[in-house]
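Sequential numbering from 0 applies to the sequence shown in numbering that gives the first Met the number 0.
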Amino acid sequence: MHASAGGGRLHGLVPQPLPRKPDFVLTDTSGHLFSFTKRTGNKLTYLYFGYTHCPHVCLSTFFDLAAALRTQTRSVRRRVEVVFVTVDPGRDTPRVMRAWLDHFNHTFVGLTGSLRSIRAAQQSVGVPPASIQKRKKAYSVAHSSLLFAFSPDNLSHVVYVQGFKTPDYADDMPVLLRYGKCSRLAGNRARKSCPA
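Structure, rendered in structure tokens:
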């Protein structure tokens with residue numbers, strides 16, 4: 000993984016190889032099944048695995064991501080989906096998740112499921128399963144801070160880690176949306192319409 004090229008047009012990190020959008024089904028905060036691939040088709044989709052009691056990284060990531068989304072035009076906003084998958088389903092009930100996400104943006108999607116199904120979703124994008132440690136006076140969760148950004152071509156051309164801020168996400172959103180049906184894996188004709 001390395002910093003993106005293209006004259007600084009993207010601020011995220013470029014994973015090698017580019018992760019494909021995973022195909023998993025979990026349950027949203029309304030109790031309905033949510034097929035990740037089907038429900039996010041043709042959108043720029045941010046995927047994050049975290050938990051609502053996270054004291055730092057999850058809060059700052061979603062604060063900055065929500066702020067970046069508010070800077071975009073309506074045409075961009077309607078093509079962006081943000082999906083939060085809890086890694087702490089025991090405490091993150093649908094009601095708790097919905098209240099937490101609504102602090103940032105009421106359109107953000109929260110997903111839950113069994114620990115087994117959540118771990119399978121993490122592994123489908125190469126993220127190590129979160130580790131939950133329960134002690135008498137302590138409850139800790141160790142999890143990846145990766146934020147995936149799947150473009151409409153179903154590839155994550157960049158990922159973000161702790162340290163990226165609102166301007167980084169805001170600058171990248173319109174560029175990432177340009178990766179529609181084109182990708183660097185496509186033919187020469189398709190590549191011409193891809194961001195540099």
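From the three backbone atoms N, C-alpha and C, an ideal C-beta is built for every residue, glycine too.
The residues P14, L17, P18, F147, A148 and F149, in chain order, have a CB closer than 7 Å to that of S155 in the same chain once the five nearest residues on each side in sequence are set aside. For L114 and L25, the gap between their C-alpha atoms comes out near 11 Å. The Cβ-Cβ distance between V157 and G49 does not fall below 8 Å. Under the Cβ criterion (8 Å, minimum of three pairs), the segment 67 to 74 does not count as touching the segment 49 to 58. Its Cα nearest to that of V81, the residue F62 stands out among Y178, T92, F62 and G89.
K133 has its alpha-carbon roughly 34 Å from the corresponding atom of R38. An exposed status is given to L32, since fewer than 16 other beta-carbon atoms sit within 10 Å of its beta-carbon. Collapsing the DSSP output to three states places A98 in a helix.
For D27, the three-state secondary structure derived from DSSP is strand. A Cβ-Cβ distance of about 6 Å is found for the pair V140 and V86, placing them in contact under the 8 Å criterion.
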